[in-house]
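Residue numbering for the sequence shown follows numbering that gives the first Met the number 0, starting at 0 and increasing by one per position. Ideal placement from N, C-alpha and C gives every residue a C-beta, glycine not left out. Just so we're clear, the structure is a prediction, and the values are computed from it rather than from any experiment. To start, the structure under review is shown below, and the notes come after it.
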Amino acid sequence: MSEAKPDYMHAGWPEVQVTNRLAVVTGGARGIGRAIVEAMIRERYRVVALDYSIGDDALAFAREVNEKAAIFKATALSFDKLDVTDSSAVQASIDKLVAEHGRLDVLVNNAGITRDGLLLRMSEADWDAVLTTNLKGVFNMTKAAIKPMMSQKHGKIINIASVVGITGNAGQANYSASKAGVIGFTKSIAKEIASRGITVNAVAPGFIETDMTAKLNEAQRAAMLAQVPMKRVGTPTDVARAVGFLASEAADYITGQVIVVDGGMTM
Ligand code: NAP
């Protein structure tokens, strides 16, 4: 296996110069979400990362970013606790952010979980947990976010799906169904609000090195890798770069699309 590309994080922060545009990233404390937070800052968005739990490591990361931004008298990154499955907490969180920042430019729905198992052995609780977090969470966040975006006649929503939402995967009926749902949701909402200046797209990662995939055993990893023509696992940065593109002006005329970031796994 060839070496994975280094993450953004290791490149350091020569300076952090943000505008007043606001990006909100769910599940931004670690994994792919953390790399997406970095990508948004590099696209010069201020970022609020919303997560179920926020570790010391995430807070240290925010301090590092904000120290580099302070020379421009800016706060580039803050973390807030939020459970995306709680619709009233989601509404209150978006209301508070819009009141504080006066705008909401980008929403990245990244928070997600897995509870894998073959269907015969899958509990109702594991089905519900995955569908509620991965699909209803996206509904909750998007519904709250499109109101301010519609008033400002501008916004970008980016949903993190998965290649298994396109191909299916044995042992992941709940997860694959949730991600297929995210893709259908993305295209439907894109059609509903295209005329209001809001784009809605999805990024479907393949096999990415995070805590989520660290649960796989060696045989499962080897089987996954054997399906990747580029012969390496993806990094959070690989996914974040595609999200950064969709959040940039370069993607202003792109909506309802799914960008697959999988090293060729599903071509
Ligand atoms: P991860 O390392 O497990 O991180 C997921 C993040 O989401 C964690 O910070 C987690 O918080 C947060 N989260 C979970 N439930 C939440 C909730 N109800 N409300 C708010 N935050 C919540 O996962 P990842 O690998 O970075 O995955 C990020 C996204 O990419 C997910 O949507 C995943 O399905 C998708 N994806 C990943 C891969 C992959 O290979 N890794 C492939 C395809 C798609 P806690 O720290 O509290 O748990």
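Chain-ordered, the residues whose CB falls short of 6 Å from any heavy atom of the ligand NAP come out as T25, G26, A28, R29, G30, I31, G32, D50, Y51, S52, L81, D82, V83, T84, N109, A110, G111, I112, T132, G136, I159, S161, P204, F206, I207, T209, D210, M211 and T212.
DSSP places R114 in the coil class of the three-state scheme, outside both helix and strand. According to the DSSP assignment, R240 belongs to no beta strand (DSSP E) but to the alpha helix (DSSP H) extending over P235 to A246.
At a cut-off of 3 residues, the continuous stretches assigned as beta strand (DSSP E) that sit fully inside the region 70-128 are 76-80 and 105-108.
For I207, no beta strand (DSSP E) segment is defined, and its DSSP state is neither H nor E. For G154, the pairing in a beta bridge is given by DSSP as I197.
Distances from the alpha-carbon of K142 to those of V15, I192 and G263 put I192 closest.
A61 is not a Cβ neighbour of A68, given a cutoff of 8 Å.
Taking the Cβ atoms as the reference, V64 lies roughly 6 Å from W12, within the contact range of under 8 Å. A direct Cα-Cα distance of roughly 14 Å separates T113 from V162.
Between V36 and A160, the C-beta gap is not smaller than 8 Å, which leaves the two residues out of contact.
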